[in-house]
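Chains as they are written, first to last, in the working numbering: chain G, 2 to 456; chain L, 4 to 281.
Here a beta-carbon is modelled for each residue, glycine too, at the ideal position from N, C-alpha and C.
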Amino acid sequence: MADSEATAGPTAAGVSTRGTGRAEGGAAGQSPWRQRAMTAVFLGPAVVLLVVWLVYPTVRTIIRSFYSRDGSDFVGLDNYQALFTTDTLKTAIKNNAIWVGVVPALVTSIGLIFAVLTERIRWGVAFKIAVFMPMAISLFAAGVIWHIMYTQDPSQGAVNAAIKVVDDAFSSGGVLTAAQGSTPTLTGSVKQGFVLKTPVQAGGTALLGLTAIPPTEVPKDARQAVAPQPKPGAITGTVWRDFRPGGGKPGVIEPQELGLPGVSVQLRDAGGKVVKSTKSGAGGAFAFDGVKAGSYRAAVGPDTFQKPFAGVSWLGPKLITPAIMIAYIWVWAGFAMVVIAAGLAAISREVLEAARTDGASEWQVFRRVTAPMLAPVLSVVFITMLINVLKVFDIVLSVAPGSTQDDANVIALAMWRTSFGGVNDFGLGSAIAVFLFLLVIPVLALNVRRFRRET
Amino acid sequence: MDTVLRAARRAPLNLFLLVVAAMWLVPTFGLFLTSLMPKGDIAQEGWWNVVSKPSSMTFDNYRALFNNNDLTKALVTTAEIAVGNTVLLVLIAALAGYAFAWLEFPGRDVLFVVVIGLLVVPLQVALIPIFSLYNSTHLFDTVLGLILFHVAFGLPFGIFLLRNFFIGIPKDIMESARIDGASELTIFFRLILPLGLPAIASLAIFQFLWTWNDLIVALTFGRDTQPITVAIFSQLRQFGSNIELIAPASFVSLAIPLAVFLAFQRYFVQGLLAGSVK
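So this is what it looks like as structure tokens:
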């Protein structure tokens, strides 16, 4: 290396190194060409890349947004007008507004809660790794994961399976889905239940024969039906499948006809009000004890035919945006948590201890000391999420099936689909990109101002 | 006695956080179990059933994945893009970061403010002009084209991060190197790069993950040059429900960044903090 190069650095100004004659001994300005060449070597590649891939395209896109689809005609603000009048684009803007309104606030609050709570447990580090892990995964892969989680059939989709567990705890689905009365005396529908027209009194019996039950739906533990035995002061009966291979005689319990267990049976008064209800047992037998005097009617309750939980349609048009947001929050909560936790760690323990010694409760310490001191960190997280949410793209593509992508549309996705997704309208696409750019400019200004203040 | 009481009081909190941690782990684990299910079972039942019958687990789907030329090629392409782009970005950003930190030239501060401004430029703004540019320069559908786009968009953050780190390196070290006759390039390679390693590692990990996980850039500027995300995406679109291929492919595609993340967690978090606490 030539010694003279040593003086090219500005910080070497005024420092005389070894004499080679040319560029040594003076202020940096004495070897301007060498210095400029050095600056060019260090800065050149970056400047070229930034100009060609960022600055030039930005300018070009702005100009392009005033031209028609193929770029041949100047159309003024037409593309911008289309941006706010085309249905799918209006949906995209509306959805993005919802994203902006909901997600940054939620991610920041969840991150704050996690960051505060992990300080109180021994396995805080393990917890942080678990929650932070999705950050390493692509938003696209995270979308695939949640696409599978959201499968509608509760026997395949984990989210709906979890809901079904809760749902089953409160109301179980009926044992049957379809049936008819086997005789004209038993009438009704699966919606209203089937009522036996023949009145019955205490000590009497009721035969509830059902047909048209799909064979696969006959409960596995169904056994031969047994005719009810009258019992004083009670109404007894049997609900059974009034059908046997070959047909059988309607309204009569015959060999090979199976009693239906688990069927909801009601006792209704003359006005049709349900006064008692029970479930049939083995062999389809049921009994209402302690029946008061009067005339009643026995009925098969409608909840017998209640459909089991079929799964929430997460990927359908109504819920698709909230569904994607949940997946997105799952990815980003770890980011918020880690940054806020670092902010928390920076708060002086002494200040907190002082507040506690002064008798402040944990909540007061949080409200009056921790939260205000965290405010700058919280705003950084919030703003970062704001930018991210404005540019949300990949996860929408992978969670939403093709059929609901219009319903899930967001600005960045709309830009891509308009430009490259078959429509290929570069004029409108450019206008959408410029719109997106305008939305992030306030953040840009904020960043620059913050930097100016620091230096 | 006191500790028992305290433990009892903390039990609900521990339980709550345990449930939360499960909520964050289960989805990824579910994808993994799905990828181990026999092809016929995937359309029939949920992955949690596999837990009760471990004997049905199989690596057949992974075998099929690695026999699928499109997908193995996509994995190689992804690695090429991610590695090439990371190396190039680190080098260029470090050179520029050094210039902004330690070289004096006219307009330095203005230029740095421009770089900070470019931090938030959404890449959507560049897609259309670069698409046209690539089409006229044969960079379309090439690994190099994708790398250059990623490097350019990684630069503002990279320069910002490294400049702020380099400026903290004591001036004396460089002064004495200069007195000893070291050139700027020597100082850069022998002093700055080693001393700046923590920040460089953060940047490298970020850029690696970002490129590995990219979809939109590759979807726009590639056709046959497909990284794994695009390959999975076209599987999702083409046949709809061939989860037996999508699940293992997605898992492989996320296992690598996950391993990188777990191995270099510290640097990742450092970079995150340096980048976000602007």
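Identity of the residues DSSP links to residue i by a beta bridge
i        : result
G/Thr237 : G/Thr206 and G/Ala288
G/Gln225 : G/Leu259
G/Ser265 : G/Lys280
G/Val275 : G/Arg269
G/Thr212 : G/Gln181
Residue i: contacting residues in chain G (beta-carbon distance under 9 Å)
i        : result
L/Arg240 : Gly403
L/Asn216 : Ala137, Ile138, Ser139, Leu140, Phe141, Ala142 and Asp395
L/Pro30  : Pro135, Ala143, Ile146, Trp147, Ile149, Met150, Ala159, Ala328 and Trp331
L/Ser237 : Under the 9 Å cutoff, chain G gives no residues; its nearest Cβ is about 11 Å from L/Ser237.
Cβ neighbour criterion (16 or more within 10 Å) applied to residue i
i        : result
L/His153 : buried
G/Arg269 : buried
L/Val79  : exposed
G/Leu177 : buried
G/Phe85  : exposed
L/His141 : exposed
G/Asp395 : buried
L/Asp217 : buried
G/Met136 : buried
G/Trp147 : buried
L/Ser179 : exposed
L/Gly33  : buried
L/Gln47  : exposed
G/Ala347 : exposed
G/Phe75  : exposed
G/Ala28  : Reliability of the predicted coordinates at G/Ala28 is poor, the pLDDT of 39 falling under 50, and no value is obtained from them.
L/Phe209 : buried
G/Val323 : For the record, residue 323 of chain G in the displayed sequence is Pro; it is not Val. Exposed, because fewer than 16 other Cβ atoms sit within 10 Å of the Cβ of G/Pro323.
Start-to-end residues for the alpha helix (DSSP H) that takes in residue i
i        : result
L/Arg66  : Asp63 to Asn70
L/Arg226 : That residue, L/Arg226, is in no alpha helix (DSSP H); it is neither H nor E in DSSP.
G/Arg369 : Premise fails: G/Arg369 is in no alpha helix (DSSP H) and is neither H nor E.
G/Val340 : Ile321 to Ala347
G/Pro46  : Pro33 to Leu51
G/Ala361 : From DSSP, G/Ala361 is part of no alpha helix (DSSP H); its letter is neither H nor E.
G/Trp417 : Ile412 to Phe421
G/Thr62  : Tyr57 to Arg65
L/Arg181 : Lys174 to Ile182
L/Ile246 : Ile246 to Ala266
L/Arg111 : Arg111 to Leu121
L/Trp213 : Leu200 to Trp215
L/Val128 : Gln127 to Thr140
L/Asn167 : Val146 to Phe169
L/Asn52  : Asn52 to Ser55
L/Ile190 : Taken as a continuous stretch (DSSP letters only), L/Ile190 belongs to no alpha helix (DSSP H), as it is neither H nor E.
G/Ala409 : Gln406 to Ala409
L/Lys42  : Lys42 to Ile45
L/Val124 : No alpha helix (DSSP H) holds L/Val124; DSSP gives it neither H nor E.
G/Val400 : Asp395 to Val400
Within chain L, partners of residue i - CB distance below 7 Å
i        : result
G/Lys392 : Pro125
G/Gln157 : Glu48 and Gly49
G/Pro58  : Val128, Ala129, Pro132 and Ile133
G/Met326 : Within 7 Å Cβ-Cβ: nothing; G/Met326 doesn't reach chain L, min ~15 Å.
G/Ser362 : In chain order: nothing, as chain L lies at least about 15 Å away.
G/Val339 : Val272 and Leu275
G/Val167 : Those within 7 Å of G/Val167 in chain L number zero; the least Cβ separation is about 14 Å.
N-terminal and C-terminal residue of the beta strand (DSSP E) that residue i is part of
i        : result
G/Arg298 : Arg298 to Val301
Interface partners of residue i on chain L, CB under 8 Å
i        : result
G/Val449 : Val116, Ile119 and Gly120
Under 9 Å by beta carbon: chain L residues contacting residue i
i        : result
G/Ala93  : The premise fails here: G/Ala93 is roughly 12 Å from chain L at the closest Cβ pair, so nothing lies under 9 Å.
G/Gly430 : Gln127, Leu130 and Ile131
7 Å Cβ cut-off: residues of chain G touching residue i
i       : result
L/Asn17 : Ile122
Residue i: contacting residues in chain G (beta-carbon distance under 8 Å)
i        : result
L/Leu98  : Val42, Phe43, Leu44, Pro46 and Ala47
L/Pro260 : Ala137, Ile138 and Ser139
Taking Cβ-Cβ distances below 9 Å as the criterion, which residues of the region 44 to 63 of chain L are in contact with chain B? Within the model displayed, chain B is absent; protein chains G and L are what it includes.
Within the region 125 to 201 of chain G, ranges of the beta strand (DSSP E) (whole runs, at least 3 residues): Runs of the beta strand (DSSP E) inside the region 125 to 201 of chain G: 187 to 190 and 194 to 197.
Suppose only complete runs of 3+ residues qualify. What are the beta strand (DSSP E) ranges in the region 67 to 131 of chain G, listed by chain order? If only uninterrupted beta strand (DSSP E) runs of at least 3 residues are considered, none is enclosed by the region 67 to 131 of chain G.
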